[in-house]
Each structure stands twice: as structure tokens, then as C-alpha cells.
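Student: In our numbering, the protein residues as written are 169 to 1052. All C-beta atoms, glycine included, are put in the ideal place defined by N, C-alpha and C. Just so you know, these numbers come straight off a predicted model, no measurement behind them.
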């Protein structure tokens, strides 16, 4: 038994359901000078509603900060401080209401968010020390007081507006236009797209509105079939979506946890046409994803006029009878029930039987069509009542939900010259809030600082580091520092950053020798390259003038931190008396090592960043993050996206796949018709770590023959760069001497995918299978008819044949890899290591080109070998195109 210190932070505030709350009221403050009137230190403040922004502001320190700079901020009361950008500095808290910001990289300016820990109390600066010099000797404590008009006690002054921060745009937007008009990304950050998943096809069915981190409001008919709710796992919700066809940089895909249909929903008359979709994981709010507000009683009193205008957005059908490729908007008025009934008594009389619906629209072609079902009728309410200024500050409220539109006589799509019927959200507000709050009797916000020791059972050694900054491992030199900031995370427990604070001219040369096997990675490879000499020695060559250099040192022997033994810069030794074991007293032994060591792979390839499971022989399920380079390729067809192939991410902009996956009869697809999903694990359902990217260009091998699949290789160039993460990483390409690092005997590779097998169905989750490479003659002899016209020197075979003993486990199938998927080989860092759980790298050896189908079936025959394009034969071709 060992004692492990666990830190948790809580601050307790309990607010009962009938507590009226409070809110600051005041004008936004663009900039204030809290320190001696200095322009170098400023803050911006916008009063908000609890609990989001009632006592927080942004602080800006506008100076040049070289690497190793240190800022100490002190406040008059408890506060929290968060950096806007963590790529160049770290912040840590001190016991005396002060915070230390340490720069590990030079930067011009720093922005922070300061928030009070005591409700209603704003923390004010009392001291700003930059590299020991005081810059705030005369702090203006209370500089924001004049902008706060106190707070409103809503028990005395009722304000029924939502108290959450909602309905606010975070990006600049264009003015509304009455007829259907294009929007811009971020204009409608609460609008969501609902997709229905059927095997390998994803189809857009409805719009919806994000109203909390976990809930989407939509129409009941969008989530049911003949009144019966669909299975949650057959729906996918995409937040922050702008392009119906193609990816969005800031979108988030979420799985559905549950569907809540109004109890009295009538699917025939669309009575009570309202539903809540609860997400399996929370939305992450940003500039492109925000919640909308719900309409509330007396909201109409804040409008500048008597007529209510609302806006609907969506990708719905227009007069072209096709869905819009990008999000559109239309502004329309609410019309009286009598006006609606007179326009078409037969149709509207059965829908407007009670007061739970309303009509809106024009009869001039501006409407909401089929694709917009479930979308919100949104009304803008200014913060200042009756403010008719077009640039007024305010929030967007959901007034209704698109329920039904009248079809055209000649087609089963909506008639844009008829009014639209909306579900009246105000009538269902109590129902919505009841299901959003679930069984919570109180709104509890916990923020309590607690320090506790818990005795737990631990196994096999591990080291948890305490944060360490500015260690000088070489003769105490201030020019060479070690920065270790992993706290208690296992992600970086055997690595650290080395900072050399010197100016390097072109052709400078650094030779680093370490005490044990390691890898060295540059933080910024734009001016230098790393060349391994041996497992403990690395050469860094500078090809462009640069000031300062940061590189990462990572241990390769389990539980070992490499120490610097020598550092030679331009033939001069700078570390003659190294301080070895400079981490010796800065960790606890807690015996928690096995496969739980995360690997740092930023700037490298073929390295997993998450915990990997022990490889299971034969076909087995994977876990998210096991194959972060695997890509899913989808083809668009109007409202549908169909999964067609796998691929492999090999850089931040290129995906490697088969030529047959990106062409039809040898002709490349239009790039915009393809989407690439990275970090995808669920073929059915959303993935929290996935990224959708639009294809910018398709590069097919010039000599590709679609008849015999010769030269079956292509590259997909993505329109925007990939963001590497735990779930998205590039794979390495095979190279000539890689075989030297493999164990003698059979060469095994791994296939992953959602591919067909003998059940003729797709797997819902990513699968993996290990297969041996086989000689060409074995492949040809097994089925001459299938393989003789395909095999040549640019291909190879792998798998198991008819009657072969599957030494890797019963049920091993050749079919789990989809076309375009990689045949991946694992090479351990230590050639003596066995098994894929050892430290090492994954390399793309081949690309699935041909699987033999079963007789009278499109499904793959698991007893036939798989033919692969040999990536090694095309490495020059790949490298050539990666340059552009």
C-alpha cells in the first residue's frame, strides 16, 4: 500500500431552485489601464450573467518577453488566472493571491483571463513584477467599479430572462437579409445538424438548436419513425457545422445518449412536435459553438416594435429542389392565426387546433423547407429594451421549432410560397427545463479546495514528477536550461525540454550526448533538423538564422529519464561538468508502470499517444487512439455521406489511399465530393476526438490502370491542416532498411478498418487483424485466376489461405481491412523487444488493393489472400508530391 497525494479543487455554492440570483448590469468596457495609466498593461471587461462572466475580465501585458522571462501578478482577493495561449508560457498559483507566469519561449505580449473566486467580487491587481521590476506601483484598485451599476436583486426586480450566458455570437457577422442568404461560419453557433446513420451511410435529416452543453432542441418528427423514437446510436449530432458538403475546421461530432420525445406527440397531426436530444459527451464551447437562449414570458416587451421578426437557418431545399451546400438564413415575420388559416383553410385548420403552434413567413419564396425541419425560429432581443439600433448588443432566443410546411403539387418538397408552422417553444418551457435539470433539486456549483491522502493499491514501478522549472544542468549556465512541466501526468513522465538561449547562425551544429537511449525532437523544425547518430547521440543542424532553440528529450528505456552528458555547440563543449541526476529528488516512486506510459509523438510519426491495449491475436476490437493515423473516406451525394474507403494520414496535409478509392473508371472524383474523417473510431455514431476535413486535391498515380489495379495508389491533399492530438497522428512510410530491425521469421502486419466479412455487414467500431506476408508464388498457386492478372513487382500478398492453421487465433479474417487501408508493420525501438506493446513505431508497408469476393456475393472471402500495393516502390513518388 502506498500513499498517493491527490489534489482536487472545489468552491461550494448552493442555489435552490427558487433562488432569484443576481446579475451585473453595465456597459462593456473596451480597455482600462489598471497600473499607473500605463498603456502596456490593460484590461477589457464585459458584464455578464452568472455564472459565466459576472466577475471576470481579460488582462493584456503588451511587452516583448524573451525566453525565461518571469511575471508575478498579485491581486487584492482570491482569483484564478488562465492563459489565452499556452504555447509559450505556463502559469502557476502561489499561496498569497499571486500567480507566476514563466516563459519557455520568446513572445510579444501575453493575454490572460482573470476571474474572482468569490461570487460578485472582482479581483484587482496590486502588483505586476516583470523580471523582478515592479510595473504597478500605483494600482488603480476599483477601476471597474464605475462600470458596474451594482447588481439587480431579482427577488425585488423580477427578470425572467435566462440567467445563463447564451444566444451571444463570438465572431463578426453580416446583417440579416429578408430573402434566403448565405451566412458565415460562427454566425449561428447554436445551430446543429442531425444525421441518420444506416450501415456505412450518413444522411442529413434535420436541424436543431444547442441549448446547453448536453442538450439539443429539435422537432419530435426528426427523431421518430411513425411516432416511435429511433435508436440513439443511429443518430449523430454535428455542432458548429457550416458546410453541409465538406468538413468544418471547428465542428464537433457527438453521439446521442438518449432521445426525449414529448409524451403527447402525435406523428399524424404533428401535435406537440418537440424533442430533446441528450448528447453522450458535453459540447466544448468556442467561437463557433455556443448555446441559444429559450424564449421566456414577457420577452416581447423588449422588442423595439410590435411585429415579431425571426430568423431561420438551415440547408433546406429552395426553388432549385436541392439542398444548399452552405448554411443559409431567412428573416420572416410571425403572422396571425387568422391570416394563416385564410391562406389555406384545409391544410392549416387541422394543424392549428390549439395554441401550441404559430405561423410565420412570407408568400414570396422565402420559407423553411424540408431540410430545415427541427431548426429554430430565432428572435433577437436587445440588452436595452426597445433598442432599435441595428448594431445593438443582445441575445438570440428560440421562439419556435420548424414543424411542417406545405408540399408543392408537383414534388414532395416544400412550397416556399406558403406559411410555415412552428411549435411554440414558450408553451413547452417548463417541460424542457424539467428534462434538462433531470432530478436535480438544487443547482450546485462546486469549487472547494481539498487536499487529501488516499491509500490505494499500486503495481510495478512508475515515476510521477513534480513540476520543475529552470534547472541548469550544464555547469550552472543560464544559457542552457531544462524545463519539466508535466505535473503529475503520466503523459510526459520520462521526458523534458532543453532550452538553449543562444543565437544560431546558418550551418550551426549541435551534438548532444545523453546517458541512455532516447529520442530528440525539435519544438520548431522550421530552422533546424535532428539527425540521430546513435541511440544516445544526436546531431542538430541549423539551416536558417534563429535565436534560441528548444528540443524535447524522451527516454526509450522504461522508467528511465535520460541525463545530458555532453553538449557541443560548433565544436565547443558547453557541458564539461554536467549535473547528472538533476531529476533525482523530484519524483515519487509509486509503482504504477506497465502499459500506462503515454508516448509523446509530436513532430514524429507512427507513435501512439494514448494507452495501448495488449495486442489480441486474430480479429479484435480496438480502442480510440489505438490507430490515430487511420482515416475514413466518405463520398457526398446530396444529403448523404457514404463511407467508401480507408486511408492513412502521413503528414498534416496528406492522406495515403488506393487510387480506386478516389476515382471512377480511372477519372478522379471532384475533390469537394470527398470528406476525410481523422481520429474516427465509430463508423456508426460520433467521435469526440475526430476531425472532418475537406479534400482540396486528388493526386492519382499517372500510370494507374483501373482494369488490373496496377499502380493503385493516390494521395488526398486536405484543404486545411490537421491538428495533431491524442487521437490524430501521422504514420511513417516504409523504407529499405526497415527489415534490419525486425525479428527473423515471418513478417506480420496489421490491418484496421470497418470492412465487410462473411456476415456481409460493416463493423460499428474499428477492428484490427494481424496477417503474415506470403510469397508471390504461394498467392498465385492458391487462386491463379484471381491473382495472375493483378500481381506484379509493385504488389505483394498477405493473409491466410484455404485450410491454413491460423496460429494467430481462430476467426482471423483477411477482410477487416477496407480498400485503401494500410498494411502496417511495427518496429520496436529495441530490436530485442517482442510484441507491439514495446516502445516503437508503426510503418505503412502496403495499401489494400484487392480482396477476392465470395461466389455470388459482394462480401470478401476470408479464405483468400489480400493483394497490397507495395508502398516501398512508390516512396519517391510520394515524397515528390508531399513537397507541394
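How long is the line joining the alpha carbons of residue 1029 and residue 595, rounded to whole angstroms?
Tutor: The alpha-carbon atoms of residue 1029 and residue 595 are separated by roughly 57 angstroms.
Student: Within the region 498-568, note down every full beta strand (DSSP E) run reaching 3 residues or more, in order along the chain.
Tutor: 525-528 and 544-550
Student: Here's the rule: buried if 16 or more other CB atoms are within 10 angstroms of the residue's CB, otherwise exposed. What is residue 875?
Tutor: exposed
Student: Roughly how many whole angstroms lie between the Cα atoms of residue 798 and residue 993?
Tutor: Between residue 798 and residue 993, the alpha-carbon positions lie close to 14 angstroms from each other.
Student: Quick one: using the 10 Å Cβ neighbour count with 16 as the cut-off for buried, is residue 938 buried or exposed?
Tutor: By the neighbour-count rule (16 or more Cβ atoms within 10 Å), residue 938 is buried.
Student: Taking 8 angstroms as the cut-off, decide whether the C-beta atoms of residue 997 and residue 724 are in contact.
Tutor: yes
Student: Can you round the beta-carbon distance between residue 645 and residue 714 to whole angstroms, since I take them to be within the 8 angstroms contact cut?
Tutor: Between residue 714 and residue 645 the Cβ distance is about 19 angstroms, and since that is not below 8 angstroms, they are no contact.
Student: Identify whether residue 424 lies in helix, strand or coil by the three-state DSSP scheme.
Tutor: Residue 424 falls in the strand class under three-state DSSP.
Student: Which class does residue 1040 belong to by DSSP, given the choice of helix, strand or coil?
Tutor: helix
Student: Check each candidate in 422, 423, 421 and 438 and name the one with the smallest Cα separation from residue 429.
Tutor: 438
Student: Going by DSSP, what residues sit across from residue 991 in a beta bridge?
Tutor: 1014
Student: Write down the C-beta distance between residue 1087 and residue 647 rounded to the nearest angstrom, noting that I regard them as a contact closer than 8 angstroms.
Tutor: No information on residue 1087 is available, as it lies outside the stretch 169 to 1052 that the chain covers here.
Student: Given this structure, state the Cα-to-Cα distance separating residue 233 from residue 271, to the nearest angstrom.
Tutor: C-alpha separation (whole angstroms): 8 angstroms.
Student: Helix, strand or coil for residue 225, going by three-state DSSP, please let me know.
Tutor: strand
Student: Any chance you could list the beta strand (DSSP E) runs of at least 3 consecutive residues sitting entirely within the region 864-902, in chain order?
Tutor: Listed in chain order, the complete beta strand (DSSP E) runs (minimum 3 residues) inside the region 864-902 are 882-886.
Student: In the region 259-321, which residue ranges form an unbroken beta strand (DSSP E) of at least 3 residues, counting only runs that do not cross its ends?
Tutor: 266-271, 275-284, 293-298 and 319-321
Student: Who are the Cβ neighbours of residue 708 in its own chain at under 6 angstroms, not counting the five residues just before and after it?
Tutor: 678, 696 and 698
Student: Please state the DSSP three-state secondary structure of residue 210.
Tutor: strand
Student: Could you tell me which residues DSSP puts in a beta bridge with residue 696?
Tutor: 710
Student: With distances taken between CB atoms, is the gap from residue 531 to residue 545 smaller than 8 angstroms?
Tutor: no
Student: Using the rule of at least 16 other Cβ atoms within 10 Å of the residue's Cβ for burial, across every protein chain shown, is residue 434 buried or exposed?
Tutor: exposed
Student: Helix, strand or coil for residue 859, going by three-state DSSP, please let me know.
Tutor: If DSSP states are grouped into helix, strand and coil, residue 859 belongs with the strands.
Student: Who are the Cβ neighbours of residue 877 in its own chain at under 7 angstroms, not counting the five residues just before and after it?
Tutor: 828, 958, 1017 and 1018
Student: Classify residue 233 as helix, strand or coil using the three-state DSSP reduction.
Tutor: In the structure shown, residue 233 sits in a strand (DSSP, three-state: E or B).
Student: Look at the alpha carbon of residue 276 and the alpha carbon of residue 231, and state the distance between them as a whole number of angstroms.
Tutor: The C-alpha of residue 276 lies about 6 angstroms from the C-alpha of residue 231.
Student: Sorted by chain position, which residues of the same chain lie with C-beta nearer than 8 angstroms to residue 453's C-beta, five sequence neighbours on each side aside?
Tutor: 381 and 459
Student: How would you label residue 443, buried or exposed, when you count the other beta carbons within 10 angstroms and need 16 or more for buried?
Tutor: buried
Student: Should residue 961 go down as buried or exposed, given a rule of 16 or more other Cβ atoms within 10 Å for buried?
Tutor: exposed
Student: Which whole-angstrom value describes the C-beta separation of residue 386 and residue 445, a residue pair presumed to lie in contact below a C-beta threshold of 8 angstroms?
Tutor: Between residue 445 and residue 386 the Cβ distance is about 6 angstroms, and since that is below 8 angstroms, they are a contact.
Student: Specify, as a first and last residue, the run of the alpha helix (DSSP H) that residue 944 falls within.
Tutor: 944-950
Student: Counting pairs of beta carbons, one from the region 406-415 and one from the region 389-396, are three or more of them closer than 8 angstroms?
Tutor: By the Cβ rule, the region 406-415 does not count as touching the region 389-396, because fewer than three pairs are nearer than 8 angstroms.
Student: Let me know the secondary structure DSSP gives residue 998 once reduced to three states.
Tutor: In this structure, residue 998 counts as coil in the three-state DSSP scheme.
Student: By DSSP, does residue 143 sit in helix, in strand, or in coil?
Tutor: It is not possible to answer for residue 143, since the shown part of the chain is limited to 169 through 1052.
Student: So, for residue 228: in the same chain, excluding its five sequence neighbours on each side, which residues have a beta-carbon less than 6 angstroms away from its beta-carbon?
Tutor: 210 and 279
Student: Mind reading off the beta-carbon distance from residue 851 to residue 922? Whole number of angstroms is fine, and I expect it under 8 angstroms.
Tutor: 4 angstroms
Student: DSSP beta-bridge partners for residue 850?
Tutor: 933
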